[in-house]
Amino acid sequence: MPHPLISHSHVHAYQRDGVVMIPGLFADWVDTLRDGIERNMHNPGPYASENLKEGEGGRFFDDYCNWQDVPEFADVITNSPAAEVAADLMKSQSVQMFHDHVLVKEPGTSKPTPWHQDGPYYFVDGTQNISFWCPVDPVEDASLRCVKGSHLWEKPVLPTRWLSEDNFYPNPDEFIPVPDPDAEDMDVAEWPMQPGDAVAFNFGILHGARGNETTRRRRAFSLRLVGDDARYVERQGRTSPPFPGHNMSPGDWLREDWFPKIWPRPSS
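Per the numbering used here, residue 17 is the first one in the sequence shown, and the count goes up by one each step.
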């Protein structure tokens, strides 16, 4: 049986659509995540970015790969139900940590998160993977938007840099151009969400988010996990996250000293 927070219909929807919303997945961890996000913003890591051009209003901050330095994030990753729910949704016997990601849009930030797939930025290959996107503030118009079934497209979407908007890799022929899901009438899933709810989506899902035109913050924590079939794959250049010095070769399992297995949990 799946974890009590989800049903077989959630698992079926995740496998079919590549995306599903899990109400209350992090409900008991909202304050912990808020504290972790504030710690992260006051002590940003080497990959922290400000994603607005000069003259654009608000603030759009993101940072990733900080869970080992932010105890609140480590607590959530280790002790929340996320890993067990991930195993059920992925139909995987194990869950391995990949990385954390914080995205904050302050009030009056009109810039949307560009449409993109996460997978092409990563050095991970395999179908058993999952991202959880959890807001710690109520969201309606600034919620995550996901194109159902886009994880099954024959070719990946061209990855771009969010600020400069240029191509991430030198050979764009391997990818399809970034589509406009609204103009092309794609099946876009979007939910109003309460703090602690989570959208679960495959690394291959095309997704983005609207700007935050409200008077309140929109802080979100994302958790990226992989399952049994995850392998290292080489890309055209530096990936994001880059994880320099990993010393893995194509086809290798992700090294567990850097990407620990967090499910099944060790017996006490």
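Glycine included, each C-beta is placed from N, C-alpha and C at the ideal position.
For residue j and residue i, the rounded distance between their alpha carbons
i, j, result
"D203", "V92", "32 Å"
"L21", "N187", "43 Å"
"R161", "Q210", "15 Å"
"F8", "N82", "There is simply no residue 8 to check, as the chain begins at 17 and stops at 284 in what is shown."
"S126", "F76", "9 Å"
"N67", "E181", "11 Å"
"D189", "R233", "38 Å"
"Y137", "D153", "27 Å"
"D79", "P62", "8 Å"
"L179", "Y185", "15 Å"
"N183", "T176", "4 Å"
"P280", "A98", "12 Å"
"Y30", "Q144", "11 Å"
"R254", "M264", "14 Å"
"D241", "P195", "Note that residue 241 is Leu in the sequence shown, not Asp. When rounded, the distance between both Cα atoms is 26 Å."
"A43", "L270", "30 Å"
"S284", "H167", "Because S284 carries a pLDDT of 48, less than 50, the predicted location of this residue cannot be relied on, and the following value inherits that uncertainty. Approximately 37 Å, taken between the alpha carbons."
"P208", "E156", "4 Å"
"S23", "V215", "15 Å"
"I146", "A64", "22 Å"
"K69", "D273", "38 Å"
"H19", "S25", "12 Å"
"V46", "Q84", "19 Å"
Minimum C-alpha distance to residue i - residue among the options
i, options, result
"T94", "M106, V111, K107, L105", "V111"
"V86", "V27, M57, T231", "M57"
"A205", "F217, V194, P195", "F217"
"K121", "A102, G61, G74", "G74"
"D134", "P257, P280, P195, P266", "P257"
"S96", "G52, L41, G71, T129", "L41"
"V27", "Q84, L222, A103", "A103"
"V140", "L239, P151, E250, V163", "E250"
"V163", "P18, V35, R55, S23", "V35"
"I278", "D51, A90, I53", "A90"
"F191", "R55, K171, P208", "K171"
"T230", "H262, G124, D201", "G124"
"L119", "P18, E72, E70, G52", "G52"
Reduced DSSP category for residue i - H, G, I as helix; E, B as strand; rest coil
i, result
"Q31", "helix"
"P130", "strand"
"V46", "helix"
"P87", "helix"
"P151", "strand"
"A214", "strand"
"Y80", "strand"
"S284", "Low per-residue confidence applies at S284: pLDDT is 48, beneath 50, and the placement is therefore not dependable, though the value from the model is reported in the following sentence. Residue state, collapsed to three classes: coil."
"Y137", "helix"
"I22", "coil"
"N145", "strand"
"R240", "strand"
"W269", "coil"
"M106", "helix"
"E206", "strand"
"L119", "strand"
"S6", "As displayed, the chain neither begins before 17 nor continues past 284, which places residue 6 out of reach and without an answer."
Residue j beta carbon less than 8 Å from that of residue i
i, j, result
"H117", "V173", "no"
"D33", "G165", "yes"
"F275", "F114", "yes"
"L49", "E88", "yes"
"A158", "N228", "yes"
"D244", "Q109", "yes"
"M37", "D213", "yes"
"P260", "L222", "no"
Test: residue i CB closer than 8 Å to a CB of chain B
i, result
"S126", "Chain labels in this structure do not include chain B; a single protein chain is all it has."
Distance cut-off 7 Å: residue i Cβ against heavy atoms of the ligand HEM
i, result
"I146", "Judged by which ligands are present, the structure shown has none, so any question about the ligand HEM falls away."
Inter-residue CB distance, residue i and residue j (contact presumed, cutoff 8 Å)
i, j, result
"P128", "A199", "So it is not a contact: roughly 14 Å between Cβ atoms."
"R235", "P151", "7 Å"
"R55", "G142", "32 Å between Cβ atoms; not a contact."
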